[in-house]
Amino acid sequence: MINCYLGIDIGSISTKGVIIDDDNNIISSSYIETNANPIQAIKILLHNLKEDFDENKYVIKYVGTTGSGRKLIAKMIGAGTIKNEITAHAIGTITFHQDVKTILEIGGQDSKIIIIDNGIVTDYGMNTLCAAGTGAFLTSQARRLGLDVKDFGDIALRSKNPAKIAARCTVFAESDLVHKAASGYSQEDIVAGLVRSVAENYLNNVGKGKKIAAPVIFQGGVSKNSGVCRAFEELLQEKIIVDENGHLMGAIGVAIIAKREKKQCHFSFDIIDNNFATFTKECGKCPNNCEIICITKDDDLIDSWGNKCERGTIKKA
Ligand code: SF4
Numbered sequence: 006m007i008n009c010y011l012g013i014d015i016g017s018i019s020t021k022g023v024i025i026d027d028d029n030n031i032i033s034s035s036y037i038e039t040n041a042n043p044i045q046a047i048k049i050l051l052h053n054l055k056e057d058f059d060e061n062k063y064v065i066k067y068v069g070t071t072g073s074g075r076k077l078i079a080k081m082i083g084a085g086t087i088k089n090e091i092t093a094h095a096i097g098t099i100t101f102h103q104d105v106k107t108i109l110e111i112g113g114q115d116s117k118i119i120i121i122d123n124g125i126v127t128d129y130g131m132n133t134l135c136a137a138g139t140g141a142f143l144t145s146q147a148r149r150l151g152l153d154v155k156d157f158g159d160i161a162l163r164s165k166n167p168a169k170i171a172a173r174c175t176v177f178a179e180s181d182l183v184h185k186a187a188s189g190y191s192q193e194d195i196v197a198g199l200v201r202s203v204a205e206n207y208l209n210n211v212g213k214g215k216k217i218a219a220p221v222i223f224q225g226g227v228s229k230n231s232g233v234c235r236a237f238e239e240l241l242q243e244k245i246i247v248d249e250n251g252h253l254m255g256a257i258g259v260a261i262i263a264k265r266e267k268k269q270c271h272f273s274f275d276i277i278d279n280n281f282a283t284f285t286k287e288c289g290k291c292p293n294n295c296e297i298i299c300i301t302k303d304d305d306l307i308d309s310w311g312n313k314c315e316r317g318t319i320k321k322a
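Oh and the sequence shown: position 135 is 140 in our numbering, straight run, nothing missing.
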């Protein structure tokens, strides 16, 4: 049997998974919407990953999780490695682009920048507060314009005179969009203005004060938007590299880390058939009143966290 490694990156908007081999070749991958239901998303993701996975040829040796739901999902699938998104994205990117100096990442609901020097992360920034520089903003504006966000890149590239859209927050951007449409701007100029506003918002917020040097790699779901990519090239006056697997890089990175760490895992595709649920409980044993998150598998408690001291530990059955 050939060893391979599973990495899962679960965010509030999208869930990504990859299975890689010892040479970091992707054996199977999947990118789906989380749809506010991480447990169900993981089941669908594993189902998709299993379809391209030959269980008579490969065995999953180690498993890692990253993303905002990494702890919950690690408990659910028995992952041994849990890493934050910065580390996972950096390790994944450095593995394939050894000389990378800047990673721009724009996902569905947050964005980040990672500065790297000689293969080591020297600075980073994250933005989870302002939606104006994220994929969710582009998706909502596409809906408003009656367009599919997947077409945004091509439409934007046709523009000769991008509209200037106020990008500092979604409320301003939305009202400005209505105003520009009423002023007679063409659809391509409005779309080009929107994608440029996303790049500007990103550089003025998450990228503020950061030393952005080439090679610059752009990843996350929004990196597939050629309009945003061109806007970054114009604003930074640098070539922007988009890896074809950039939208999966967090999952790839944490799979590589899991392979290196060799932490014991208890993974099986059979978990697709288990019933998982979560609930929260207030400890109430002191004024801190910690909120404790519990996860159950087929009604049995498998783990809990959130208590600040031992007194709040919830015992497994
Ligand atoms: S877990 Fe500890 S700190 Fe938190 S409420 Fe309970 S007793 Fe207080």
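All C-beta atoms in this analysis are idealised placements derived from N, C-alpha and C, irrespective of residue type, glycine included.
- For the pair of segments examined, the region 231-251 was found not to touch the region 71-78: the number of CB pairs separated by less than 8 angstroms stays below three.
- At least 7 angstroms separates the beta-carbon of A204 from that of S164.
- Put simply, the backbone Cα of K62 is about 21 angstroms away from that of I257.
- Looking at the DSSP output, A282 shares a beta bridge with T301.
- Around the beta carbon of V183, fewer than 16 other beta carbons lie within 10 angstroms, which makes this residue exposed.
- The Cβ-Cβ distance between V126 and A161 does not fall below 7 angstroms.
- If you check the CB distance, F272 and I82 come in under 7 angstroms.
- Every residue whose Cβ sits closer than 6 angstroms to any heavy atom of the ligand SF4 is listed here in chain order: C288, K290, C291, N293, N294, C295, N312, K313, C314, R316, G317.
- For C234, the enclosing alpha helix (DSSP H) has its first and last residue at 231-241.
- DSSP places V154 within a helical segment (H, G or I) once states are collapsed to three.
- Beyond the five residues adjoining it in sequence on each side, C9 comes within less than 8 angstroms, by CB distance, of I24, I25, D26, D27, I32, Y63, V64, I65, K66 in the same chain, given in chain order.
- Take G112, set aside five residues on each side of it, and the residues of its chain with a beta-carbon closer than 8 angstroms to its own are G16, I18, S19, T139, G140, G225, G226, V227, in chain order.
- E110 counts as buried, since at least 16 other C-beta atoms from the protein chains shown sit within 10 angstroms of its C-beta.
- A Cβ-Cβ contact shorter than 7 angstroms links I170 with D181.
- By the criterion of at least three beta-carbon pairs nearer than 8 angstroms, the region 206-222 is in contact with the region 114-131.
- I44 sits close to F281, with the two beta carbons spaced by under 7 angstroms.
- As the crow flies, the alpha-carbon of S34 is around 43 angstroms from that of A187.
- If you keep only unbroken beta strand (DSSP E) runs of at least 3 residues inside the region 74-150, you get 107-111, 116-122, 125-132.
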